[in-house]
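Q: Per the numbering used here, residue -5 is the first one in the sequence shown, and the count goes up by one each step. C-beta: ideal position from N, C-alpha, C; glycine also. Computed from a predicted structure; not experimentally measured. Dumping the structure here so I can ask a few things about it.
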Amino acid sequence: MIIPTYNRLGFLREALDSVHAQTFRDYEVIVVDDGSTEDIAAGVADHPVTPRIVRQERSGPGAARNRGIEEAVAEKIAFLDSDDLWAPTKLARFIDMLESSPEIRIAYGPMLPIDAERHDVPGRTKRCHDGRITTQLFLSSFVHVPTVVSYKKTLVDIGGFDPGLPVCEDYDLWLRLSVFEPFALVEEPLAFRRLHGDRLSKSSMARNLSVKADVLRRFRESDEGRRLLPTDVADDRLARVYFVAAREAMRAGRYDQALRYCAESRRFGGSAIRTLPIKVGAGVMRTIRGAEALSETISGPVSRLDQGSVSDNGAHRRATATPGAHANH
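This is the structure:
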């Protein structure tokens, strides 16, 4: 199993405790220390799991998980983030699922959010789907890293995680995998995501949403996305996500980026963009010089956006990987 970490020694030990409690015992634990300033190796040296520590320069969650996949010798890979936990039967249930049919190459399940004291946080669990899930997954990101167990070859053949993505690298991978593999669902919640007290900044929220929007667009415009996704459903999803990305960029003061995402929302059929200055801009535009022009550009002559007055100079594209193409925490 692969556990990437960056300066989360206290949480990491709790994650390792949940590994040590597994009823399935035939495993190797690889902790990828992604450039921590804490001494991760010394901090877990006395832990009964005795993980193998692989240290690398700070490279992000995608690169850290890819390094773990490279280092792994087992044919099956499980992922656990350093601040998350497993129930004791997690590995056993998922290994049984993988071995129940040669057609099953990847399994996942629901993930329950918990607070710092490990109490359940109600109302935050997404509906999961079984089998061919591409359309459902495009509409909602419900596959979470710490629930996934997969054959190593399946992950390698698809190209692994995109190391260039600062966030949503998992969503990107699951979308690409869903084109070629059914996702077997273990319905019992056996993985737990810890919700931290610290909130994302406005800037971080805007960045995360913009990356998510670009991941979805990249998949939508790939050959596989065009073949598998109903056009109207895909375009509606993109229009909505780009609208929310534009709203958060406005809140973070990133007006050029907000304009770009407004244009993208309109391109995919979004009409809600006309309400953006009312919902977001009204409170801030009175205090920012030049904001009147931005408001007029967004809510007034929408045709200017449709005609390409705002260029998509930040869209990042990467060809959808196909099997055989080899390529936080």
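(1) Take A81 as the anchor and find which of P42, R245, G219, I108 has the nearest alpha-carbon.
(2) Thinking C-beta only, is A233 closer than 7 Å to R214?
(3) Just list the residues that DSSP pairs M105 with in beta bridges.
(4) I want to know whether the region 173 to 190 touches the region 52 to 71 - three or more CB-CB distances under 8 Å.
(5) Within 10 angstroms of its Cβ, does H320 collect 16 or more other Cβ (buried), or is it exposed?
(6) Out of L106, E22, L253, D28, state which residue places its alpha-carbon closest to the alpha-carbon of V43.
(7) Could you give the first and the last residue of the continuous beta strand (DSSP E) run that contains P(-2)?
(8) How many angstroms separate the CA atom of T148 from the CA atom of I98?
(9) Whose C-alpha, out of D124, V139, V173, is nearest the C-alpha of C162?
(10) Quick one: residues in its chain with C-beta nearer than 7 Å to the C-beta of R311, no 5 flanking neighbours on either side, listed in chain order?
(11) Answer with buried or exposed for Q251, where buried requires no fewer than 16 other C-beta atoms within 10 angstroms of its C-beta.
(12) For a quick check, are the C-beta atoms of S144 and I100 less than 7 Å apart?
(13) Please look up how many angstroms separate the CB atoms of T17 and T83, rounded, as I've assumed it's under 8 Å.
(14) For A207, is the classification buried or exposed, using 16 other Cβ atoms within 10 angstroms of its Cβ as the cut-off for buried?
(15) Are there 16 or more other CB atoms within 10 angstroms of the CB of G125, so buried, or fewer, so exposed?
(16) Can you confirm whether the region 28 to 38 touches the region -2 to 13 when touching is taken to mean that 3 or more C-beta pairs between the two stretches lie within less than 8 Å?
(17) R46 and I71: beta carbons closer than 7 Å?
(18) Between C256, L131, E175, V137, which lies nearest to I152 when the distance is taken from Cα to Cα?
(19) Alpha carbon to alpha carbon, what distance is there between V13 and D77?
(20) So, at 7 Å on beta carbons, what are the nonlocal neighbours of S135 in its own chain, with the 5 sequence-adjacent residues on each side left out?
(21) Assuming I98 is part of the beta strand (DSSP E), what are its boundary residues?
(22) To test your reading of the DSSP string, which unbroken alpha helix (DSSP H) runs of 4 or more residues are found completely within the region 68 to 98?
(23) From this set, L169, A243, R87, which residue's C-alpha is nearest I127's C-alpha?
(24) Could you compute how far the alpha carbon of V142 sits from the alpha carbon of L223?
(25) Which whole-angstrom value is the C-beta distance of G29 and R52, which I expect to be below 8 Å?
(26) Which residues mark the beginning and the end of the alpha helix (DSSP H) in which D27 is found?
(27) Under a three-way DSSP split, which group does I152 fall into?
(28) For I325, which three-state DSSP category applies?
(29) Rounded to a whole number of angstroms, what is the C-alpha to C-alpha distance between A110 and K196?
(30) Compare the beta carbon distance of L159 and G56 with 7 Å and say whether it is the shorter of the two.
(31) Pick from G154, G103, L203, Q130: whose alpha carbon is nearest that of V235?
(32) Is the CB of P157 under 7 Å away from at least one CB in chain C?
(33) Give the C-beta separation of H241 and L210 to the nearest angstrom, bearing in mind that I take them to be a contact with Cβ-Cβ under 8 Å.
A: On the basis of the data shown:
(1) I108
(2) no
(3) A185
(4) Here the region 173 to 190 makes no contact with the region 52 to 71; the two share fewer than three CB pairs at distances below 8 Å.
(5) Low per-residue confidence applies at H320: pLDDT is 37, beneath 50, and the placement is therefore not dependable enough to give any value.
(6) The closest CA to that of V43, considering only L106, E22, L253, D28, is found on E22.
(7) -4 to -1
(8) 10 Å
(9) V139
(10) At R311, the pLDDT of 32 sits below 50, so the modelled position is not reliable and the matter cannot be decided from this model.
(11) Burial state of Q251 is buried, judged by a 10 Å Cβ sphere holding 16 or more other Cβ atoms.
(12) yes
(13) 5 Å
(14) buried
(15) exposed
(16) yes
(17) no
(18) E175
(19) 12 Å
(20) Y165
(21) First-last for I98: undefined, no H or E at that position.
(22) 84 to 93
(23) L169
(24) 24 Å
(25) 3 Å
(26) Run containing D27: none in the alpha helix (DSSP H); it sits in the beta strand (DSSP E), 24 to 28.
(27) Correct three-state label for I152: helix.
(28) What the structure shows of the chain is the stretch from -5 to 323, and residue 325 is not part of that stretch, so it cannot be assessed.
(29) Distance between the alpha carbons of A110 and K196: 23 Å.
(30) Yes, the pair counts as a contact, with Cβ atoms nearer than the cut-off.
(31) L203
(32) Of the protein chains in this structure there is only one, and it is not chain C.
(33) Just to set this straight, residue 241 is Arg in the shown sequence, not His. Not confirmed; about 16 Å, so no contact.
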